[in-house]
Amino acid sequence: MTINIEKIREDFPILKKEVYGKPLVYFDNAATTQKPTCVVDTIVKGYYDCNANIHRGVHFLSQQATEAHEAARKTVQQFIHAQHAHEIVFTRGTTEAINLVAHSFGISQCSDGDEIIITQMEHHSNIVPWQLLQSIRNIRLRIIPFDEKGVLQVNQLESLINEKTKLIAVSHVSNALGTTNPIKEIVRIAHNHDIPVLVDGAQSTPHISIDVQDLDVDFFAFSGHKIYGPTGIGVLYGKEKWLEKIPPYQGGGEMIHKVTFEKTTFNELPFKFEAGTPDYIGSTALATALDYVSNIGIENIAQHEHELLHYATEKLSQIDGMRFIGEAASKSGLISFLVGNIHPYDLGTILDKLGIAVRTGHHCAEPVMQAFNIEGTVRASFAMYNTKEEIDILVAGIERATKMFRR
Ligand code: PMP
9 MTINIEKIRE
19 DFPILKKEVY
29 GKPLVYFDNA
39 ATTQKPTCVV
49 DTIVKGYYDC
59 NANIHRGVHF
69 LSQQATEAHE
79 AARKTVQQFI
89 HAQHAHEIVF
99 TRGTTEAINL
109 VAHSFGISQC
119 SDGDEIIITQ
129 MEHHSNIVPW
139 QLLQSIRNIR
149 LRIIPFDEKG
159 VLQVNQLESL
169 INEKTKLIAV
179 SHVSNALGTT
189 NPIKEIVRIA
199 HNHDIPVLVD
209 GAQSTPHISI
219 DVQDLDVDFF
229 AFSGHKIYGP
239 TGIGVLYGKE
249 KWLEKIPPYQ
259 GGGEMIHKVT
269 FEKTTFNELP
279 FKFEAGTPDY
289 IGSTALATAL
299 DYVSNIGIEN
309 IAQHEHELLH
319 YATEKLSQID
329 GMRFIGEAAS
339 KSGLISFLVG
349 NIHPYDLGTI
359 LDKLGIAVRT
369 GHHCAEPVMQ
379 AFNIEGTVRA
389 SFAMYNTKEE
399 IDILVAGIER
409 ATKMFRR
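Just remember that the working numbering sits 8 ahead of the position in the sequence shown, which is counted from 1.
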């Protein structure tokens with residue numbers, strides 16, 4: 009089924025905006041997506057109509073807000089096909105979800121000398137939390153490299169695994185290269201050695217149908233704001249057995265069962281990991297966003313975005329001096345590139361003046377830039393509301409910029 013882009017664009021009022029007198033062309037969706045009216049309405053309605061702190065109140069409003077928050081958990085569960093709602097932990101986003109695992113899994117399951125495997129294409133949020141763990145446990149990071157096209161060398165994984173390996177943490181889709189990694193294959197190899205796998209799904213969840221049971225991942229993290237939801241809310245999925253096994257990340261209200269000065273016992277899942285007042289308005293708005301995506305159909309969105317990716321790759325490749333950073337056969341959602349020796353920042357600035365929003369820089373993936381020996385790239389990333397006409401505007405903008413620099 010093809011999706012009705014015109015109708016979808018009507019749901020995103022910001023897309024009507026003009027920037028420097030030019031119609032906005034928004035290609036910075038990997039950083040954050042725009043929000044449909046229904047999501048903004050849920051936030052407004054939440055605060056106007058259904059605002060009370062959840063879980064502890066006997067009064068009507070508190071119960072209503074609690075029900076909305078717990079219904080949102082079920083929506084997330086169904087969206088990523090988790091077995092249980094209590095395997096869904098609300099966090100501030102992918103970053104907090106990975107920090108939670110790095111800390112709680114790290115201190116409980118890792119000893120000095122143990123190893124964690126990550127990849128060369130990780131976002132800083134799947135590198136730095138493990139380095140922070142190094143100040144508590146003397147663990148070693150092992151790295152799965154990628155080749156010159158940005159394809160992960162999964163055939164090297166076996167040789168990186170040994171009896172000290174405690175966890176493999178990989179991105180599903182690279183935010184700097186666009187590469188989609190073969191998670192099932194990685195999980196199969198890891199589980200053969202009884203090693204759990206954490207997947208950073210920040211860039212996959214908006215573009216690919218996620219089934220955590222089919223992927224058989226042990227932990228899966230994603231951010232609401234990258235899938236048309238609000239900022240400040242995200243998700244950590246963890247298999248029940250792992251969430252039971254690892255200790256709380258933060259202490260405070262909500263996460264306790266009983267507190268005395270001598271000893272505290274912890275609440276059941278998932279509340280054990282949700283210390284303090286959660287973003288219950290954010291969780292309900294995230295559920296609205298996921299319902300919005302489900303109504304359009306993630307497969308339909310994927311097909312449309314794949315066509316955009318294909319069209320953009322073909323058009324951009326005709327530009328003199330075009331160099332793609334990341335040419336894996338299996339890519340999703342974005343294109344990273346450089347043109348001649350134009351600095352990405354300069355190109356981004358000129359495109360901005362033409363109303364085109366792209367991201368420039370290292371995209372919080374400095375090891376990727378180091379591998380290509382570059383400072384950064386220009387990144388155009390797509391969402392369900394983007395069109396081929398917008399790609400034509402981007403291509404014309406880049407051509408105009410290259411002429412300016414050649415002069
Ligand atoms: N991982 C990847 C692959 C990302 O692209 C991002 C966001 N750029 C993150 C993690 C971090 O997400 P957040 O800032 O929403 O926590």
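By construction, the Cβ of each residue, glycine as well, lies at the ideal position given by its N, Cα and C atoms.
Residues with C-beta closer than 5 Å to any heavy atom of the ligand PMP, in chain order: G101, T102, T103, H131, S133, S179, N183, D208, A210, Q211 and S231
May I ask you to list the residues that DSSP assigns as paired with K266? Here the question's residue 266 lines up with position 258 in the sequence shown. K266 pairs with T273.
Can you give me the C-alpha to C-alpha distance between D418 and V347, rounded to a whole angstrom? The structure shown does not extend to residue 418, since the chain spans only 9 to 415, so no value can be given for it.
For G240 versus A105, is the C-beta spacing smaller than 8 Å? Locating residue 240 in the sequence shown gives position 232, where the first residue counts as 1. Locating residue 105 in the sequence shown gives position 97, where the first residue counts as 1. Cβ distance not < 8 Å, so G240 and A105 don't count as in contact.
I need the DSSP call for Y55, collapsed to helix, strand or coil. Here residue 55 refers to the residue found at position 47 when the sequence shown is read from its first residue. Reduced to three states, the DSSP call for Y55 is helix.
Same chain only: Cβ atoms within 7 Å of I124, ignoring 5 sequence neighbours per side: As a working note, residue 124 is residue 116 in the sequence shown. So the qualifying residues of the chain are W138, I147, L149, K174, L175 and A177.
The stretch 88 to 105 touching the stretch 279 to 288, judged by at least three CB pairs closer than 8 Å: yes
Return the bridge partner residues of T188 from the DSSP annotation. By 1-based counting over the sequence shown, the position of residue 188 is 180. Note: T188 sits in a beta bridge opposite V181.
First and last residue of the beta strand (DSSP E) that includes H374? Locating residue 374 in the sequence shown gives position 366, counting from the first residue. Just to set this straight, residue 374 is Glu in the shown sequence, not His. Segment E374 to F380 is the alpha helix (DSSP H) holding E374; no beta strand (DSSP E) there.
C-alpha distance - H371 paired with G384, whole-angstrom precision: If you number the sequence shown from 1, residue 371 lands on position 363. If you number the sequence shown from 1, residue 384 lands on position 376. Going by the C-alpha atoms only, they are around 8 Å apart.
Cβ separation of T41 and I235, assumed to be a contact under 8 Å, to the nearest whole Å: Sequence index remark: in the sequence shown, residue 41 carries index 33 (1-based). Sequence index remark: in the sequence shown, residue 235 carries index 227 (1-based). Confirmed, Cβ separation roughly 7 Å.
What residues in its chain sit with their C-beta under 7 Å from that of I364, if we drop five residues either side in the sequence? Within the sequence shown, the letter at position 356 stands for residue 364. Hits under 7 Å: V33, F35, I401, L402 and G405.
Can you give me the start and stop residues for the beta strand (DSSP E) that S344 sits inside? Locating residue 344 in the sequence shown gives position 336, where the first residue counts as 1. Segment L342 to V347, the beta strand (DSSP E) holding S344.
Let me know the secondary structure DSSP gives T285 once reduced to three states. Along the sequence shown, read from residue 1 onward, the residue named residue 285 stands at position 277. In the structure shown, T285 sits in coil (DSSP, three-state: anything other than H, G, I, E or B).
Nonlocal neighbours in the same chain, by C-beta distance under 7 Å from V366, ignoring five residues either side: Within the sequence shown, numbered from 1, the residue matching residue 366 stands at position 358. Same-chain partners within the cutoff: F35, D36, G356, L359, V386, R387 and A388.
Rounded to whole angstroms, how far is the Cβ of V47 from the Cβ of G237, which I believe are closer than 8 Å? Within the sequence shown, the letter at position 39 stands for residue 47. Within the sequence shown, the letter at position 229 stands for residue 237. Right, their Cβ atoms sit about 6 Å apart.
Do you know offhand how far P419's Cα is from E315's? In this structure the chain extends from 9 to 415, so residue 419 is not present and cannot be described.
Can you say whether A79 is buried or exposed, counting buried as having 16 or more other CB atoms within 10 angstroms of its CB? Locating residue 79 in the sequence shown gives position 71, where the first residue counts as 1. Exposed: under 16 other Cβ atoms inside 10 Å.
Note down the Cα distance separating N308 from A336, rounded to an integer number of angstroms. In the sequence shown, the residue the question calls residue 308 occupies position 300. In the sequence shown, the residue the question calls residue 336 occupies position 328. Their backbone Cα atoms lie some 22 Å apart in a straight line.
Given S167 as reference, the closest of Y393, P153, R331 and H265 once Cα atoms are compared: Here residue 167 corresponds to residue number 159 of the sequence shown, with the count starting at 1. When each option's Cα is compared against that of S167, the closest is P153.
Note down, in chain order, each residue of its chain lying with its Cβ closer than 6 Å to the Cβ of A198, except the 5 sequence neighbours on either side. One-based indexing of the sequence shown puts residue 198 at position 190. Excluding sequence neighbours, A198 sits near I176 and V205.
Run of the beta strand (DSSP E) containing R331, from where it starts to where it stops: For the purposes of this step, residue 331 is identified with residue 323 of the sequence shown, where counting begins at 1. Note, R331: beta strand (DSSP E), M330 to F332.
Whole runs of the alpha helix (DSSP H) within the stretch 188 to 251, excluding any shorter than 4 residues: 191 to 200 and 220 to 223
Which ranges would you report for the beta strand (DSSP E) in the stretch 298 to 334 if only whole runs of at least 3 residues count? 330 to 332
Burial state of D155 (16 or more Cβ within 10 Å): The sequence position of residue 155 within the sequence shown is 147, counting from 1. By the neighbour-count rule (16 or more Cβ atoms within 10 Å), D155 is not buried but exposed.
Environment of D208 [buried if 16+ CB atoms lie within 10 Å]: Sequence index remark: in the sequence shown, residue 208 carries index 200 (1-based). Per the 10 Å Cβ criterion, buried.
First and last residue of the beta strand (DSSP E) that includes G384? Here residue 384 refers to the residue found at position 376 when the sequence shown is read from its first residue. Per DSSP, G384 belongs to no beta strand (DSSP E) and is neither H nor E.
Hey, F413 and I343: beta-carbon distance below 8 Å or not? The residue labelled residue 413 in the question sits at position 405 within the sequence shown. The residue labelled residue 343 in the question sits at position 335 within the sequence shown. The answer is no: Cβ separation not under 8 Å.
R369 lies in the beta strand (DSSP E); which residues open and close that run? On the sequence shown, position 361 is the one that residue 369 refers to. As written in the sequence, residue 369 is Gly, which differs from the Arg given in the question. Note, G369: beta strand (DSSP E), R367 to G369.
Residue span of the beta strand (DSSP E) that contains I126, given as start and end: Start at 1 with the first residue of the sequence shown, and residue 126 comes out as number 118. Run containing I126: E123 to T127, per the beta strand (DSSP E) assignment.
Considering only their Cβ atoms, is the gap separating V162 from I194 smaller than 8 Å? Here residue 194 refers to the residue found at position 186 of the sequence shown. Here residue 162 refers to the residue found at position 154 of the sequence shown. Closer than 8 Å, so yes.
Evaluate contact between the stretch 250 to 262 and the stretch 282 to 301, counting only Cβ atoms and requiring at least three cross-stretch pairs below 8 Å. yes
Out of A184, F228 and I62, which one is the CA nearest neighbour of S340? Against the sequence shown, residue 340 aligns to sequence position 332. When only C-alpha atoms are compared, the closest one is A184.
Give the straight-line distance between the Cα atoms of C419 and I115, rounded to the nearest whole angstrom. Residue 419 lies beyond the range of the chain shown here (9 to 415); nothing can be said about it.
Can you name, in chain order, every residue of its own chain whose Cβ lies under 6 Å from the Cβ of S231, other than the five neighbours on each side? Here the question's residue 231 lines up with position 223 in the sequence shown. G101, T102, A210 and G242, listed in sequence order.
If you draw a straight line from the C-alpha of M129 to the C-alpha of K249, how long is it? What you label residue 129 is simply residue 121 of the sequence shown in a count that begins at 1. What you label residue 249 is simply residue 241 of the sequence shown in a count that begins at 1. The straight-line gap from Cα to Cα measures roughly 29 Å.
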